[in-house]
Structure formats: C-alpha cells, structure tokens
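Residue numbers (our numbering), protein chains in the order written: chain A, 18 to 563; chain B, 16 to 252. The beta carbon of each residue, even a glycine, is placed where N, CA and C say it ideally should be. As structure tokens, the structure follows; a few thoughts come after it.
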C-alpha cells in the first residue's frame with residue numbers, strides 16, 4: 018500500500034458516496050443497539066429499497082447523546098432524530114427530500130456546539146467494520162506519511178510538541194514516554210494499548226474501540242514506528258465483546274490492505290499486533306499488572322521502578338498507552354503539533370472525552386476542549402439535572418477520583434485543577450449526583466469497588482480497603498463513632514502512602530474528598546444518627562426506659 | 016572494563032555507606048548493620064515488595080520506596096526510621112493482626128513468630144481496628160505438615176520457595192483482595208497435591224500458618240538459614 022493507492026481508495030469511497038442523494042446514519046453503539054437499533058436499520062434498508070430513492074443506510078459508532086437513543090442522523094441535511102424505532106422507518110424514508118419528521122426531530126445544538134471532536138471526529142460518520150470508510154476520512158494517511166517522510170525522532174518531536182498527556186488518568190506526557198522507550202536499548206520492543214477500561218460509569222474507550230477501531234490501530238502503528246517496536250498488543254476486557262469483534266475485523270482488514278505486517282508501505286518497517294482479553298480484573302488496567310496478564314501470569318502489580326519503558330513485557334522495553342491517547346495520535350500527525358497545542362488550557366492540551374452519567378438530562382459521550390468549565394459540561398452540554406432536583410456534586414476519575422461539590426463548578430477541567438480540588442481527571446468518567454445522593458453512601462460504594470477489585474498482594478490495599486468499608490458501613494447504619502472517623506482518616510493516610518500500586522494509593526480518594534467537602538454529612542450520620550439525603554437506613558436509636 | 020564494579024556512595028540514617036551498582040537499599044543497610052523491618056522478604060528468594068514494612072523515605076521524593084526492591088543511586092539519602100514510617104508500620108501491622116485470627120497464646124509459633132516479634136518491636140500495644148474474624152479452614156491432609164489459613168499473612172514466601180528453590184510450584188495464590196488464600200495445585204488438598212514433602216515452605220513461613228506436625232506445642236523454631244547457603248552452592252556449580 019502506497020500513499021497514492023490510499024488516495025485512490027479514498028477517492029473511490031467518496032465517488033461511491035456521491036452516488037447517493039441521502040445518507041441515513043444509524044447509531045449502533047451499545048445503548049442504541051440495546052433499544053433495537055439493528056431492527057431499525059433493517060427496516061430502513063427495506064424502506065429505502067422500496068422507495069426507489071438513492072439512500073445509503075449506514076451503521077455507525079456512538080453519536081454521543083445516548084439517553085436520546087436510538088439515534089438517526091440524515092445527511093446532508095444533518096437532521097437528528099431521537100428515540101427512533103423500526104416503526105418510524107417508513108416516515109423517515111418518506112420524508113427524504115421533503116420536510117423532516119417533526120415528531121422525532123430533536124435540536125441538540127446546545128449539546129453539540131460546545132464540543133470539539135478530535136478523538137470522536139469519525140463517530141457517527143463511518144461504518145466501524147469498513148476500513149474504506151475510515152480511509153475515506155483521511156484514515157491511515159498519517160501512518161503512511163510518517164513512514165515515508167518522517168524519522169522516528171521527528172514523530173516523537175511532533176507528539177512532544179503537541180503537549181499530549183496520557184489519557185488513561187495519570188496525565189504523563191506522551192512524548193516523554195515515547196522518547197524514553199525509543200532510547201531504551203534492545204532489538205525487541207513492544208507497544209501495548211490499554212483497553213481495560215473498568216471505572217464504574219466510564220465507557221469512552223469502549224465507544225472508541227467499537228466506533229472507530231482503525232484509529233486506535235493507526236495510532237499504535239505510528240507509536241511503534243516512533244519507538245522502534247515491531248509487535249503490539251491490544252489488551253481489551255472480555256466484557257467488551259463488540260469491541261473485540263470490531264477490532265478483530267479491523268485488524269484483518271488492515272492486514273489485507275498491507276497496513277499491518279512486513280514492509281509496510283514498501284519501507285523496512287514491520288509491525289503487527291494481537292488482541293489479548295482481560296479476565297475481568299480492574300487491577301489489570303494498572304500497567305505492571307496488565308503486563309503480567311499478557312504474559313499469562315496472575316494479574317498483580319509489581320513495584321516500579323523499573324518502569325515498563327525500560328523493562329516491560331518479557332523484560333523488554335514496552336510502551337503502554339491508553340486507547341484515547343492512541344486515538345489522538347493520527348489527528349496530531351495530520352494537523353501538526355501546534356494545532357493540538359493551541360487547544361486546551363495552559364498545561365493540559367487538546368480535548369478530553371467524558372462519559373457523562375448519573376443525574377443529568379443528556380447522558381452519553383461528550384468531547385470537550387481541556388479547560389472548559391465544569392458548569393458548561395453539566396448545564397449546557399449535559400442539559401442540567403432533571404426533575405427539578407438540585408446538583409450536589411460531580412464525581413470524576415472513578416474509584417480513584419473524588420467528588421467536586423456544586424459550588425466549585427467554575428473549575429476549569431484540567432489534570433492540575435482537578436488534582437488540586439482533591440479529585441483526578443482519571444480516564445474520563447463523570448458521574449453527576451443530585452440531592453438524593455448520600456455522600457457517605459457514595460464513598461462506601463467506591464470503597465466497596467476498590468475492596469472487591471484489590472488484587473490482595475499488598476497489605477494496605479488488601480486489608481485496608483476492607484477496614485475502610487467496615488467503618489463506612491458502620492457510619493451508614495448509624496453505629497459509627499467520632500473516634501472511628503478519626504481512625505478512618507488515619508487509615509486513609511496509610512493506604513495512600515504505603516500501597517504498592519495506583520489502585521491502592523488512590524483508593525482512599527473518594528473518602529478523603531467527601532470528607533473534605535461533605536464532612537457535615539458524616540457528622541450527621543455519626544452524631545445525629547440521620548442521613549440528610551434519606552438514603553441510608555438508620556434505625557431510630559432505642560430509648561432505654563429507666 | 017565492562018565488568019568493572021561500579022561503586023555508589025549514599026547515606027542511610029546519617030551514616031555514609033558504599034554499595035555496588037544494582038544493590039538494593041535493604042542489602043546495603045543489612046551489610047552496614049542498619050535495621051529495616053521486613054516481613055515478605057527472605058534472603059535467598061526473589062522480592063515482591065508486598066508487605067510494605069521495609070518502606071523507607073528518600074530525600075527529595077514524596078513517594079516511599081520498598082527497600083527490598085529499590086536500588087541505590089549515587090548521593091541517595093535514605094531515612095529508615097522516621098515518625099511517619101513508624102506510624103505507617105504500626106498501622107500495617109494492625110491491619111494484619113485484625114485481618115485473620117492471630118491468637119498468639121494458642122499458636123505453635125508463639126515466641127518464634129515474625130509477626131509477633133515485629134508487633135513487639137514496633138511498639139504495638141493494642142489493635143484499634145475492628146477484628147474481621149474470618150472463618151477459615153485448616154488443611155491437615157498432608158501427613159507431615161498442616162496449613163492453618165487463620166494465621167496466614169499472604170507473604171507468599173511459600174509460593175516463592177516452592178517455585179524458585181524446590182522447583183515444584185505447588186503453592187500459589189487464589190482469589191483476590193481480602194478473599195485471597197494460598198492454595199496447593201489447583202486448590203486440591205495438600206495431602207493429595209503434587210507436593211514433594213520437602214518442607215521448605217514450612218521453614219520459611221513467618222507465622223504459625225505452616226507447621227510441622229511432628230513438633231509439639233510452642234517448641235517450633237523455624238530454620239530458613241539454609242536458603243542463602245543453598246543458593247550459593249547452586250551458583251558455584
């Protein structure tokens with residue numbers, strides 16, 4: 018495959034699309050598919066054939082506003098329909114060329130206008146199982162250009178220049194990581210994609226892998242060229258069967274097109290990759306545990322240093338990045354590092370995908386420039402808290418993150434600002450909570466998650482999370498004491514300082530951040546034996562009769 | 016020149032010491048008779064850095080590092096016994112004592128137990144955390160040895176000695192988090208497992224979890240000193 022051949026494919030794809038007068042895009046991501054999007058698509062295909070109009074019905078990845086699903090977008094008019102079912106197929110096809118179907122049409126311009134789509138630029142526009150659709154939207158151009166016109170150091174320089182930081186949560190500068198792996202010695206190196214997304218309420222990586230799998234593959238191939246690796250692994254959790262099947266198809270098509278394998282694009286660059294399935298352990302998202310799991314061992318973390326960049330898979334230098342990080346690579350290579358650098362806030366560049374869930378009108382996937390204020394995400398993009406309830410807190414960063422109270426919504430979303438507020442960026446879960454949530458109970462939920470997902474290797478995490486859970490449960494059922502609250506805080510400090518891996522070190526964060534902003538709720542539970550939100554089932558204290 | 020030994024100088028607890036490149040902080044400290052408490056470490060076995068007792072402070076770093084796996088670098092300043100470390104060590108020991116059923120007075124290892132010794136040494140006087148009192152099993156199916164999971168602290172010394180020294184890899188860890196336990200083979204009875212009955216695991220067990228049936232009561236000292244010697248002789252071959 019050469020650049021000329023790539024452009025030929027892209028041109029023929031565009032010509033093919035020009036044969037149609039209308040494109041009906043049906044979102045087939047999990048949320049829409051679970052509400053019958055596949056039946057809808059079949060009905061649309063049937064109606065389109067019967068109507069005699071030139072209509073292309075295409076399945077696409079996640080369009081974003083999942084709570085409005087199943088979604089259909091009709092191009093070129095860009096009419097968006099929500100809650101579409103197979104019965105509506107006839108009226109939609111009939112409306113083509115005339116007035117849109119008023120009862121289904123929805124105006125989500127507030128939702129979309131503030132978003133900037135880099136990672137999700139193809140979501141809703143391509144069929145994830147067709148490599149030509151991806152090539153038609155400039156896919157693999159960045160890889161072939163890098164291979165034929167740039168040195169590996171040039172690629173690393175461009176990534177460094179872009180200011181991209183790891184999207185898995187840690188925020189480590191991506192260019193620096195690539196540079197470290199490229200400098201490491203040895204003839205065998207690996208690149209690994211961490212697709213073991215496990216945070217409760219997070220589904221960004223799943224949507225990217227399901228909706229635009231070639232973007233991840235292209236990002237990894239560019240990374241492999243930059244660091245000098247010839248073998249890659251995509252580690253995906255087995256709970257994402259659709260992502261696995263889409264990636265499998267994508268890998269097969271990329272190989273067939275000569276975009277993976279030996280002598281890619283006629284150069285000396287060889288690269289291929291495999292999919293490895295996780296067996297359902299959250300801790301395998303931690304890079305050293307992930308490595309152990311790929312090697313076929315028990316998925317437990319190892320002390321760092323040595324970092325995987327020096328000694329990773331089978332002791333070889335290994336580059337590990339998150340799905341979303343790789344998804345950012347191709348656009349940076351195409352548009353230049355400066356382009357990316359100019360988006361975002363001072364120390365956090367580019368955009369971030371968030372999975373917006375909880376008590377919010379427009380749940381779903383959003384991509385926003387870094388530095389955007391939290392209230393813009395919640396009130397404008399998210400459409401605010403429904404049913405007249407009051408916003409209480411926003412939880413970011415999953416079980417390793419924290420809760421940001423409603424009065425701090427003017428905070429700009431960046432790695433450093435969230436860290437300063439006692440939470441973390443994390444991989445991009447954003448759970449909105451209203452006045453019906455009890456913060457002690459919320460803390461207990463996340464601690465329970467960490468307790469059941471602890472691998473059990475180091476004592477502070479294994480026994481410490483279990484003790485935190487016991488103490489929090491005592492607060493929730495009204496039997497806790499103020500001494501126990503003090504003990505809990507001390508325990509949090511030890512777990513944070515002494516745990517072996519990031520899972521343990523951050524496990525106390527939900528407790529510490531709720532204690533910081535909602536201490537009064539803990540006091541209410543302990544001293545007055547009442548739950549202000551009415552969530553915890555506290556039995557009335559028994560009156561002792563004299 | 017490539018095999019020339021590179022020497023590093025560093026400071027441990029205000030004492031200037033020298034080390035070879037690649038040595039761990041713990042090795043250097045022990046050579047210089049500076050005490051760092053350990054629990055999962057065992058001379059002659061690989062290190063896993065799991066028990067967190069040997070965490071030390073490094074000047075200029077907020078992160079605490081496990082001395083058993085962290086290697087030395089030139090000009091490093093290590094503190095092994097600060098108030099912060101002492102407090103964390105006590106809390107970790109408390110977590111261990113509250114995790115399972117450690118009742119010294121009825122334990123075969125009473126007086127020879129590394130957990131008990133550490134508790135005394137670190138000034139642990141009482142446990143503030145609620146005891147978890149789990150209901151765990153005792154496997155006495157092996158004709159020579161018994162495992163009492165109530166006393167196991169999951170240091171995985173048995174797992175490592177069996178895999179690395181005996182070469183049998185009978186022991187391993189099953190389950191996760193607070194429900195982890197050590198198992199023989201694929202969770203079969205110890206007696207019907209592929210165990211070679213060599214008894215190395217019993218000798219390296221820091222508590223009374225693994226013990227020899229032929230020894231009665233508390234007269235049960237363990238002798239793991241054979242390990243470094245065994246390794247040395249193997250290397251010499």
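Beta carbon proximity, residue 494 of chain A to chain B, threshold 9 Å: no
Terminal residues of the beta strand (DSSP E) in which residue 422 of chain A lies: 419 to 422
Span of the beta strand (DSSP E) around residue 446 of chain A: Where residue 446 of chain A is concerned, the enclosing beta strand (DSSP E) starts and stops at 446 to 451.
Member of B:169, B:192, B:133 whose CA lies at the smallest distance from the CA of residue 216 of chain B: B:169
Near-chain A residues of the segment 58 to 70 of chain B (beta-carbon distance less than 9 Å), N- to C-terminal order: 62, 63, 64, 65, 66, 67, 68, 70
Own chain residues within Cβ distance below 6 Å of residue 541 of chain A, not counting five before or after: 547, 549
Closest residue to residue 131 of chain A among A:175, A:24, A:531, A:361 (Cα-Cα distance): A:361
Anticipated Cβ contact below 8 Å, residue 240 of chain A with residue 343 of chain A, distance rounded: Contact flag correct, Cβ pair sits at about 7 Å.
From A:136, A:144, A:110, residue whose alpha carbon lies closest to that of residue 34 of chain A: A:144
Heavy atom of the ligand GDP within 8 Å of residue 463 of chain A beta-carbon: Inclusion of the ligand GDP in the displayed structure is not the case, the ligand content being empty and no account of it being possible.
Under 7 Å (Cβ pairs) to chain A, residues found in the segment 192 to 220 of chain B: 192, 193, 195
Sequence-distant residues of its chain with Cβ nearer than 7 Å to residue 60 of chain A (five each side left out): 103, 106
Chain B within 9 Å of residue 216 of chain A, Cβ atoms only: no
Contact between the segment 199 to 217 of chain B and the segment 147 to 161 of chain B (3+ Cβ pairs under 8 Å): yes
Short Cβ contact (9 Å threshold) for residue 380 of chain A with residue 82 of chain A: yes
Assigned exposure category for residue 166 of chain B - 16 Cβ within 10 Å defines buried: A buried status is given to residue 166 of chain B, since no fewer than 16 other beta-carbon atoms sit within 10 Å of its beta-carbon.
Local Cβ density within 10 Å of residue 440 of chain A, reported as buried at 16 or more and exposed below that: With 16 or more other Cβ atoms within 10 Å, it is buried.
6 Å Cβ shell around residue 38 of chain A - same chain, five flanking residues per side excluded: 71, listed in sequence order.
Residue 513 of chain A: first and last residue of the uninterrupted beta strand (DSSP E) it sits in: Element bounds for residue 513 of chain A: not the beta strand (DSSP E) but the alpha helix (DSSP H), 499 to 515.
Selected residue, minimal CA-CA separation from residue 113 of chain B, among B:121, B:102, B:130, B:100: B:130
CA-to-CA distance, residue 490 of chain A to residue 554 of chain A, given in whole angstroms: 11 Å
Short Cβ contact (9 Å threshold) for residue 316 of chain A with residue 347 of chain A: No, the pair does not count as a contact, with Cβ atoms beyond the cut-off.
Span separating the alpha-carbon of residue 245 of chain A from that of residue 270 of chain A: 23 Å
C-beta contact flag for residue 339 of chain A and residue 211 of chain A at 9 Å: yes
Run of the alpha helix (DSSP H) containing residue 42 of chain A, from where it starts to where it stops: From DSSP, residue 42 of chain A is part of no alpha helix (DSSP H) but of the beta strand (DSSP E) over 39 to 44.
Cβ-based neighbour list, residue 16 of chain B, same chain, cut-off 6 Å, excluding 5 preceding and 5 following: For residue 16 of chain B, the predicted model reports a pLDDT of 43, less than 50, meaning its position is unreliable; a value from the coordinates is still stated below. Within the same chain, residue 16 of chain B has no close Cβ partners at all.
Pick from B:34, B:56, B:58 that is closest to residue 47 of chain B, judged by C-alpha positions: B:34
The segment 414 to 427 of chain A contacting the segment 523 to 540 of chain A, beta-carbon criterion three pairs below 8 Å: yes
6 Å CB neighbourhood of residue 495 of chain A in its chain, flanking five on each side removed: 546, 555
Coarse secondary structure for residue 339 of chain A, derived from DSSP in three states: DSSP, read as helix, strand or coil, puts residue 339 of chain A in strand.
Residue 227 of chain A versus residue 29 of chain B: straight-line alpha-carbon distance, rounded: Within the model, the alpha-carbon separation for residue 227 of chain A versus residue 29 of chain B is close to 57 Å.
Within-9 Å CB hit, residue 239 of chain B to chain A: no
Check whether residue 109 of chain B and residue 139 of chain B have beta carbons under 9 Å apart: yes
Within-9 Å CB hit, residue 479 of chain A to chain B: yes
Residue closest to residue 524 of chain A, alpha-carbon to alpha-carbon, out of A:443, A:433, A:95, A:455: A:443
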